[in-house]
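Numbering of the sequence shown is given in full-length UniProt numbering, commencing with residue 1 and proceeding in unit increments. Glycine included, C-beta positions come from ideal geometry on N, C-alpha and C. Note that the coordinates shown come from a computational prediction; the quantities given were computed from them, not determined experimentally.
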Amino acid sequence: MTAEEEQLAQKVEKTTLEDAEVEEEDDAAAPAAEGNEGAASSAAKKKKKKKNNKKKKKTTTPSEQTDPPRVGLSNFFKDGVYPEGEIQEYGDENRWRTTSEEKRELERLTSERNNDLRKAAEVHRQVRQYAQKHIKPGMSTIEVTEMIEDAVRALSEGGDDFYRAGMGFPTGVSLNHCAAHYTPNKGDKTTLRYEDVLKVDIGVHVNGNIIDCAFTLTFDNRYDPLLAAVRDATDTGIREAGIDVRLGDVGAAIQEVMESYEIELDGKTYGVKPIRNLNGHNILPYTIHGGKSVPIVKSGDQTKMEEGETFAIETFGSTGKGYVHDEGECSHYARMKDTGHIPLRLNSAKNLLSTIDKNFGTLPWCRRYLDKLGEDKYLLALNNLVKSGLVQDYPPLCDVKGSYTAQFEHTVLLRPTCKEVISRGDDY
Numbered sequence: 001m002t003a004e005e006e007q008l009a010q011k012v013e014k015t016t017l018e019d020a021e022v023e024e025e026d027d028a029a030a031p032a033a034e035g036n037e038g039a040a041s042s043a044a045k046k047k048k049k050k051k052n053n054k055k056k057k058k059t060t061t062p063s064e065q066t067d068p069p070r071v072g073l074s075n076f077f078k079d080g081v082y083p084e085g086e087i088q089e090y091g092d093e094n095r096w097r098t099t100s101e102e103k104r105e106l107e108r109l110t111s112e113r114n115n116d117l118r119k120a121a122e123v124h125r126q127v128r129q130y131a132q133k134h135i136k137p138g139m140s141t142i143e144v145t146e147m148i149e150d151a152v153r154a155l156s157e158g159g160d161d162f163y164r165a166g167m168g169f170p171t172g173v174s175l176n177h178c179a180a181h182y183t184p185n186k187g188d189k190t191t192l193r194y195e196d197v198l199k200v201d202i203g204v205h206v207n208g209n210i211i212d213c214a215f216t217l218t219f220d221n222r223y224d225p226l227l228a229a230v231r232d233a234t235d236t237g238i239r240e241a242g243i244d245v246r247l248g249d250v251g252a253a254i255q256e257v258m259e260s261y262e263i264e265l266d267g268k269t270y271g272v273k274p275i276r277n278l279n280g281h282n283i284l285p286y287t288i289h290g291g292k293s294v295p296i297v298k299s300g301d302q303t304k305m306e307e308g309e310t311f312a313i314e315t316f317g318s319t320g321k322g323y324v325h326d327e328g329e330c331s332h333y334a335r336m337k338d339t340g341h342i343p344l345r346l347n348s349a350k351n352l353l354s355t356i357d358k359n360f361g362t363l364p365w366c367r368r369y370l371d372k373l374g375e376d377k378y379l380l381a382l383n384n385l386v387k388s389g390l391v392q393d394y395p396p397l398c399d400v401k402g403s404y405t406a407q408f409e410h411t412v413l414l415r416p417t418c419k420e421v422i423s424r425g426d427d428y
């Protein structure tokens, strides 16, 4: 081999060795690159996994009602079934109903309505028991009504839909000689005093099924005999109520019990008198007064209570004349039913009527509710609707000044098999 050929062979060998080293470096780099890509991919997966594993905040439902009451009842009754009220059996003539399969089947057909009534009753119980603990002298009547109504709206879960659930009528907070239909209007400065006798009348509805139930609250125990008389009279009316019972007979039993009580105030003894022109009544869907009246004095009314009807059994006792009259500024109103077309000249009256129909229907309401909806300067229009017969006004009902009145009331359902005092509670 010549020297030139030897030099050329050495160059080729050197080049081959260098190329081999480069390939080895590339081969070594490839796994490293793959490793880097894998590490990056793994890191991304971990990051993604970590992000996905981030726990969402759970909304916890309180195990008991808040103070003030603001938790809707469905949170405590997950199955949607609400508790029965007090069950009373019918008298001898109707005792067969208790075991009748036919009557049990009739009850099953009305189970949805009955459950709505029971939900409304449970709202009433929780709200009133809260009110009984928190109403104190020095509170304004506006504070009392708003405390109650805010709680009713929250627990009944109607939201902004007045037709679905909420107030069955404005909360009554009638004082002393005033027996019924007083709720404060905007700007009312009335405050509770230690010596007051306060009637708290609360209405709750669910899908138009109304619970009408009231109690009397005092801070001075000298009024206890008056309250005992009225409570006993109401319980008597409930016991007497039943299918085929005549309304006049219920009134006679109530009167006998109430008039057996007396009360001494400031050294003078007063017999407790039933307020003879105030009555209980039957209740229809979205209609608080259904057309039948339950008197609280003896009368010749032969009208009978009927199967399936709902009644508000309420009694009023007084140290005065036992007769009430209209007195003071009106706050309660209700749309009249079946009025037909009545022409209105005032545009403001037409607009107000539209607001009433949209928000209340035939359920009673008060001026505070119109204020809440943003209505302003509506009194002229409201008076025009009253004069036209489209709206009924319900002024405060009062006995003579200086007298004291008390009220107790429960809603009673005349089921086919038994009588259910739906609004009964541990308090009364």
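Going straight from the alpha carbon of residue i to that of residue j, what length do you get?
i	j	result
D426	R345	52 Å
L278	T171	18 Å
Y428	D338	37 Å
T110	S156	20 Å
R246	R108	27 Å
L265	G328	26 Å
V331	Y270	Looking at the sequence shown, residue 331 is not Val but Ser. Going from the Cα of S331 to the Cα of Y270 covers about 31 Å.
K358	Q65	32 Å
H124	R70	13 Å
Y333	K350	16 Å
M336	Q302	27 Å
E240	S348	48 Å
Y82	L380	44 Å
G317	L106	37 Å
N221	S174	18 Å
T145	F408	18 Å
K419	N384	43 Å
Y121	S423	The question names Tyr, but residue 121 is Ala in the sequence shown. Between A121 and S423, the C-alpha separation is close to 5 Å.
L117	A180	23 Å
L370	K136	27 Å
R164	L352	21 Å
S293	S354	30 Å
H205	D67	22 Å
N185	G300	39 Å
Let me check understanding here. Comparing Cα to Cα, which of the options lies closest to residue i?
i	options	result
D224	V421, A406 and R424	A406
I313	A214, T287 and L379	A214
T218	Y182, L198, Q392 and G168	L198
K401	T355, L363, D326 and C366	D326
G203	D92, P364, G91 and S63	P364
H134	V200, G168 and G72	V200
K268	G340, E112, S403 and K119	S403
G168	S299, N185, V250 and H289	H289
L227	G361, E143, N176 and K304	N176
Q132	L382, G300, R368 and T216	T216
Using 7 Å as the cut-off, classify the Cβ of residue i as near or not near the heavy atoms of the ligand FMN, replying yes or no.
i	result
R222	Within the structure as shown, the ligand FMN is missing, as the structure has no ligands at all.
Give the DSSP bridge partners of residue i, in chain order.
i	result
G317	P274 and A406
N282	F311
residue 433	Shown here, the chain extends from 1 to 428; a query on residue 433 therefore has no answer.
D393	Y333
T411	A312
E264	T269
C398	C178 and H325
H205	G166 and I210
residue 429	This structure cannot settle anything about residue 429, because the visible part of the chain is limited to 1 through 428.
S156	Its beta-bridge partners do not exist; DSSP assigns none.
I87	E420
F215	V200
G172	D201
R246	K304
T191	S140
S293	H281
Within its chain, find whatever has a CB closer than 7 Å to the CB of residue i; leave out the 5 residues flanking it on each side and keep chain order.
i	result
V257	D232, A233 and T236
I342	S388, G389 and L390
V421	G85, E86, Q88, I238, H410 and V412
E126	Per the sequence shown, the amino acid found at residue 126 is Gln instead of Glu. Closer than 7 Å at Cβ, skipping near neighbours: Q65, P69 and L155.
E21	Note that E21 has pLDDT 44, beneath the 50 cutoff, so the model's placement of it is unreliable and no number is given.
K45	Residue placement at K45 is flagged as unreliable, the pLDDT there being 44, under the threshold of 50; the coordinate-derived value follows with that caveat. Contacts found: none.
Spatial neighbours of residue i within its chain, please: C-beta separation below 8 Å, excluding the five flanking residues on both sides.
i	result
S74	G80 and E157
E306	I243, D244 and L414
T315	V230, A233, T234, G237, I254, M258, P274, G280, I296, Q407, F408 and E409
P31	The predicted model places P31 with a pLDDT of 42, which falls under 50 and marks its position as unreliable; any figure quoted below should be read in that light. Answer for P31: no residue qualifies.
Starting from the C-beta of residue i, find all residues in its chain whose C-beta is less than 6 Å away, skip the five residues before and the five after it, and write them out in chain order.
i	result
C178	P396 and C398
S140	T191
A229	M258, Y261, V272 and G317
A130	Reading the sequence as shown, one finds Tyr at residue 130 and not Ala. Same-chain partners within the cutoff: P69.
Under 8 Å between C-beta atoms, does residue i make it to chain B?
i	result
W365	Protein chains in the displayed structure number just one, and chain B is not present.
Touch check for the segment 138 to 157 and the segment 89 to 108: three-plus C-beta pairs under 8 Å?
-> no
Counting Cβ pairs, one atom from each stretch, are 3 or more of them under 8 Å apart for the segment 368 to 384 and the segment 312 to 325?
-> By the C-beta criterion, the segment 368 to 384 is judged not to be in contact with the segment 312 to 325, since fewer than 3 inter-stretch pairs fall below 8 Å.
Inter-stretch contact (C-beta, 8 Å, three-pair minimum) for the segment 177 to 197 and the segment 412 to 422 = no
Is it true that the segment 204 to 217 meets the segment 283 to 295, where meeting means three or more beta-carbon pairs spaced less than 8 Å apart?
-> yes
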